[in-house]
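K.L.:
Pasting a structure here, questions to come.
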Amino acid sequence: MDWQAFGVSLALGLGTLVVLLPFALWAGHRLAARSFRGKHAVEAVIAVPLVLPPTVLGFYLLTAFSVRSPLGAAFETLAGNALAFSFPGLLLASAVANVPFAVQPIQRSFEAVPVHVREAAACCGLTPWRRFLRIELPLAWPGVLTAAILTFAHTLGEFGVVLMVGGNIPGETRTLSIAIYDRMQAFDDRSAGLMAATLLVLAIGALATTTMLARRAGPVRE
Amino acid sequence: MSERGLHVRLSQAAPVPLDVELSCAPGEVLGIFGPSGSGKTTILRAIAGLHTPEAGRVTVGGEVWLDTAAGRVVPVHERAIGFVFQEYALFPHLTALGNVLVALGHRPREARRRRAGELLDLVRLADVRHRRPEALSGGERQRVALARALARDPAVLLLDEPFAAMDRAVRRRLQDEVDVLRRMLDIPLVIVTHDFDDIVRLATHLLVLRAGRTVAAGPLQDVTSRPDVGWLGETVGAGVVIDAVVARTHDARGLAELTFDGGTLVAPDQALAAGAQVRVRVPAREVILAASPPERVSLHNVLEGVVAAVAPDARGTVAVVQVAVGPTRILAEVTRDAVERLGIAEGCIVYALVKSVSLEVLASGAG
Amino acid sequence: MALTRPGSAEPPRRAEAAQRPTLVAAASDLSFALTEIADRFHTTGAGRVSIVFGSSGTLTRQIRNGAPFDLLLSADEAFVDDLHMRGLTRDRGALYAIGRIVVFAPGGSPLVPDGELAGVTRLLDARRLTRFAIANPEHAPYGRAAEEALRARGLWDRIAPHLVLGDNVSQAAQFATTGNAAGGILAYSLALAPPLQDRGTYALIPEADHRPLRHRMVLTRRAGPAAERFYRYLQGPDARTVLQRFGFGPPQAE
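Protein chains in written order, with our numbering: chain L, 1 to 222; chain P, 1001 to 1367; chain X, 2001 to 2254.
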């Protein structure tokens, strides 16, 4: 069991959550709140990482991170290291790859808040921010939790993007899924099997939790 | 025009065509009546700010909430409105008390709980204050919605088909409660409904809407006594609604005498108290016209009056006759044949005969 | 201030380089040999080393894209030259070993390994060859050598449809040991390693059948004193002994 890789996986999962959740809350809420021109285009762009092969995502991210690009050059100047093959770079890549997992459940749960309830909140004198905090978020929290769990679980399972953008740097970008691959190539099936089983158990646990939450949330009853 | 009242002017082509102008003074109850799709809910939402029309102006108590010409649109949460939704729209995750508290943000923190308690007492929900909406009945939910609307200390109260989802008995009780409340408040109240019963019970003024345009508007009695009744459609029959006072009850005979401006009506006694204010609807179909007062008939109500107008309907077989009994106008629906036979025309003296049992008497105040 | 050439990174802070473990990129054929050498290095107390194995070509590309390796051990000196030309290395590096390839057959396979690949030819003639595993010739030196050896025997075109390509020679070894491949051409160093010893038989392919696999290693620009120590250790007698045990030939004089 490669504990260091386990730690990297956990750090990546939690880090992705921290980076992505605020954005997903904002985006999911805005998409649920109103129809605007180009909304379908935005939703399609958000869903793209779902259908794209990880290699495509990896390819574009590597290009964006390279020292020849503004982003990569800026990071290089600030941190002294390349953005690719570093944990911050991996975190960024993971956040991009997980956008649909974070945004879509949150958007669904905000959409499930009846429009009249939102309007009533405005009629009660609540500003948009207070409406969000006191009325919409408490009603939509199962979706937020689902998004968090799905994002975390999906991050643990990322492979293609991690391999391309992160390489296999121990302690930095060698996640549990990469470590499995690594151990297999070293003919260490015992280690690989142990780590694979761990990820399997975590994945099942995450999905079971989200299913339970989905059932609990149900339609909002008045 | 009263400064503290509501003044609205709206026009738009889409999504629902509208072109109306209306006012409602403090203490008045304006009923907006019309079929589905006529735009009445849109008007209410425009007043609240939930919808911004293409062109319009809304002022309440001298404050301008909307003026498209000047580009001024006050957001919903800055308007002092009390809005009661058709589906109650209560916050499901809060108790009744919690729901009311949400609307009390404009009051100092220490005073909020007390005020919420007062309001729940007002709608007689004190003992269920800690229940969530899912544990409340339809009538109780609507009362919470009312309390929450009032908690805002609104400058105008807006009710959108508030009793649509209820059965008759519950509706009656709630209508009475709303009536009591509005007498306590001194703000304009606008109620939108497709059920004429609500109008009869609560409204002081009536605006009839069809396809986004005003067909008739004015004080209730005036509008209901208009002879051109095509606007009512098949759902509501013609019939004037007048305010009266119980002069006397004859318990032994089971009758009550109701005095209105111009005469007296006798109706079956329904546990009315002398001095009580009532509303009486006189269905035009139930009014018989006579050229001379009849003798030895069962009728209690024989009103002498002068024919003010005769309006035939579209097909010409039926006519609505407006009879002036003193300052009050009553409608009678009779056949054209009868009109010709009796020689009924403007200025004639006629006698309006109404069976006491045909009168719809509505007592105001809690039952 | 040095001109920034395409792909070149700024020299990292030397002090920082001293703190973290040395990061080594190594060709997959060194999977077992280098691990053992690194363990010995750790016991000397001269520092810690972290190794990432992969195909030489892939690792070189990663370094070009800024991957933070201190040392590259390539199975083909051409990759080291490439990095040096781009200014990513300290110098031209040092030759440290010569590699050999073997034809390998897992237990139970109809293939009988021999250096002239007669067994492969036989299977092809009898149309009994299923899958044959080699590393990807595009970026793995052992794949390139395998292709050369197959071409030398006139087998390339006939065997091409049967090939399964590993991303690096370790992955090719994995493919070769599963029941679905008849065998493959792998690194000699891997065939000598304990996990493969029990799984099949092999035969050395003559050096004349392919261009030499000249293994060159080089320090990158970010390398610090710790990396230098390991670099020197790799050229010392202890490391030479291990490399020899894993079938690597000694580096010839330049």
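Where is the CB? At the ideal position from N, CA and C, for every residue including glycine.
Computed from a prediction, not measured in an experiment: that's the story for all the values here.
Please check if any C-beta of chain X sits within less than 8 Å of the C-beta of Gly58 of chain L.
P.N.:
No - not a single Cβ of chain X is within 8 Å of the one on Gly58 of chain L.
K.L.:
Do Gly1049 of chain P and Arg1152 of chain P have their CB atoms nearer than 8 Å?
P.N.:
Cβ atoms of Gly1049 of chain P and Arg1152 of chain P: not closer than 8 Å.
K.L.:
Along the region 14 to 31 of chain L, what residues have a CB closer than 9 Å to any CB found in chain P?
P.N.:
Here the close residues number zero.
K.L.:
For Phe152 of chain L, which three-state DSSP category applies?
P.N.:
Residue state, collapsed to three classes: helix.
K.L.:
If Arg134 of chain L sits next to Val1102 of chain P, beta carbons under 8 Å apart, how far is it from one beta carbon to the other, in whole angstroms?
P.N.:
Yes, Arg134 of chain L and Val1102 of chain P are in contact; Cβ-Cβ is about 7 Å, under 8 Å.
K.L.:
Could you tell me which uninterrupted alpha helix (DSSP H) segments, each at least 4 residues in length, are contained entirely in the region 2186 to 2246 of chain X, listed from first to last along the chain?
P.N.:
Fully enclosed alpha helix (DSSP H) runs of 4 or longer: 2188 to 2191, 2194 to 2197, 2225 to 2234, 2237 to 2245.
K.L.:
What does Val117 of chain L reach in chain P if we use C-beta pairs closer than 7 Å?
P.N.:
Chain P residues near Val117 of chain L: Ala1089, Phe1091.
K.L.:
For Thr245 of chain L, count neighbouring Cβ atoms within 10 angstroms of its own Cβ and tell me buried if that reaches 16, exposed if not.
P.N.:
For chain L, the structure presents residues 1 to 222; residue 245 of chain L sits outside this window and is missing.
K.L.:
Ala2038 of chain X to Val2049 of chain X, Cα distance in whole Å?
P.N.:
Cα-Cα distance, rounded: 7 Å.
K.L.:
So, Phe2248 of chain X versus Gly2099 of chain X, is the Cβ gap smaller than 8 Å?
P.N.:
In this structure, Gly2099 of chain X lies closer than 8 Å to Phe2248 of chain X by Cβ.
K.L.:
Identify, in the order they occur along the chain, each residue of the same chain with its Cβ nearer than 6 Å to the Cβ of Leu1342 of chain P, setting aside the five sequence neighbours on each side.
P.N.:
Ala1291, listed in sequence order.
K.L.:
Below 7 Å on C-beta distance, what does Val1076 of chain P contact in chain L?
P.N.:
What Val1076 of chain P touches in chain L: Ala122, Cys123.
K.L.:
Just list the residues that DSSP pairs Glu1257 of chain P with in beta bridges.
P.N.:
Answer by DSSP bridge pairing, in chain order: P:Arg1248, P:Val1266.
K.L.:
Excluding the 5 residues flanking Ala2145 of chain X on each side, which residues of the same chain have their C-beta closer than 6 Å to its C-beta?
P.N.:
Excluding positions up to five away in sequence, the list reads Ile2101, His2210, Leu2213.
K.L.:
Where does the unbroken beta strand (DSSP E) through Ile1187 of chain P begin, and where does it stop?
P.N.:
First-last for Ile1187 of chain P: undefined, no H or E at that position.
K.L.:
Quick check: does the Cβ of Ala41 of chain L come within less than 7 Å of any heavy atom belonging to the ligand FAD?
P.N.:
No copy of the ligand FAD occurs in the structure displayed, which carries no ligand at all.
K.L.:
For Cys1024 of chain P, which residues does DSSP report across the bridge?
P.N.:
Paired residues: P:Leu1006.
K.L.:
Taking DSSP as the reference, what is the three-state secondary structure of Pro1327 of chain P?
P.N.:
In the structure shown, Pro1327 of chain P sits in coil (DSSP, three-state: anything other than H, G, I, E or B).
K.L.:
If you compare alpha carbons, which of X:Ala2191, X:Ser2028, X:Arg2229 is closest to Gly2045 of chain X?
P.N.:
Of the listed residues, the one whose Cα sits closest to Gly2045 of chain X is X:Arg2229.
K.L.:
Comparing C-alpha positions only, which one of P:Ser1137, P:Leu1010, P:Leu1299 sits nearest to Ala1069 of chain P?
P.N.:
Cα-wise, what sits closest to Ala1069 of chain P is P:Leu1010.
K.L.:
Please check if any C-beta of chain A sits within less than 8 Å of the C-beta of Ala1103 of chain P.
P.N.:
The chain inventory of the structure shown lacks chain A, comprising the protein chains L, P and X.
K.L.:
Using a Cβ-Cβ cutoff of less than 6 Å, which residues in the same chain neighbour Pro2137 of chain X once the five nearest sequence positions on both sides are dropped?
P.N.:
Counting only Cβ-Cβ distances below 6 Å, and skipping sequence neighbours, we find Gly2143, Arg2144, Glu2147.
K.L.:
Pull out every residue of the region 2063 to 2085 of chain X whose Cβ sits closer than 8 Å to any Cβ of chain L, in chain order.
P.N.:
Those would be Asn2065, Gly2066, Ala2067, Pro2068, in chain order.
K.L.:
Please list, in chain order, the residues of the region 131 to 155 of chain L that have any C-beta partner in chain P closer than 9 Å.
P.N.:
Listed by position, the residues of the region 131 to 155 of chain L near chain P (Cβ gap below 9 Å) are Arg131, Arg134, Ile135, Pro138, Leu139.
K.L.:
Got a sec? Which residues, its chain only, sit under 7 Å from Leu1359 of chain P by beta carbon, not counting five neighbours each side?
P.N.:
Excluding residues within five positions, the ones whose Cβ falls inside 7 Å are Leu1265, Ala1267, Val1280, Val1282.
K.L.:
Within its chain, find whatever has a CB closer than 7 Å to the CB of Ala148 of chain L; leave out the 5 residues flanking it on each side and keep chain order.
P.N.:
Here the set comprises Leu17, Leu21.
K.L.:
Look at the Cβ atom of Val1287 of chain P, then the Cβ atom of Ala1244 of chain P, and state whether they are nearer than 8 Å.
P.N.:
No; because the gap between Cβ atoms is not below 8 Å, this pair is not in contact.
K.L.:
May I ask you to report which of helix, strand or coil DSSP gives Val113 of chain L?
P.N.:
In this structure, Val113 of chain L counts as coil in the three-state DSSP scheme.
K.L.:
Pick from X:Pro2250, X:Arg2245, X:Gln2235, X:Gln2244: whose alpha carbon is nearest that of Phe2041 of chain X?
P.N.:
Comparing Cα positions, the closest option is X:Gln2235.
K.L.:
Would you grab the beta carbon distance between Leu62 of chain L and Phe75 of chain L for me? Rounded to a whole angstrom, and I think it's under 8 Å.
P.N.:
Contact flag wrong, Cβ pair sits at about 14 Å.
K.L.:
In or out: Thr2241 of chain X buried (at least 16 other Cβ within 10 Å) or exposed?
P.N.:
So Thr2241 of chain X ends up on the exposed side.
K.L.:
Could you check what DSSP says for Glu1078 of chain P in three-state terms: helix, strand or coil?
P.N.:
Helix at Glu1078 of chain P.
K.L.:
Using a 10 Å radius around the Cβ and a threshold of 16 neighbouring Cβ atoms, would you call Phe2053 of chain X buried or exposed?
P.N.:
The residue is buried, with at least 16 neighbouring Cβ atoms inside 10 Å.
K.L.:
When the distance is taken between beta carbons, is Val1325 of chain P closer than 8 Å to Gly1263 of chain P?
P.N.:
Cβ atoms of Gly1263 of chain P and Val1325 of chain P: closer than 8 Å.
K.L.:
Report the rounded CA-to-CA distance for Thr2004 of chain X versus Val96 of chain L, giving the unit in angstroms.
P.N.:
In this predicted model, Thr2004 of chain X has a pLDDT of only 38, less than 50, meaning its place in the structure is not dependable; the value taken from the coordinates is given anyway. Spanning the two alpha carbons is a distance of roughly 29 Å.
K.L.:
Residues in the same chain with beta-carbon distance under 7 Å from Ala2172 of chain X, minus the five sequence neighbours each way, listed in chain order, please.
P.N.:
Ala2133, Ile2134, Ala2135, Gly2166, Gly2184, Leu2186, listed in sequence order.
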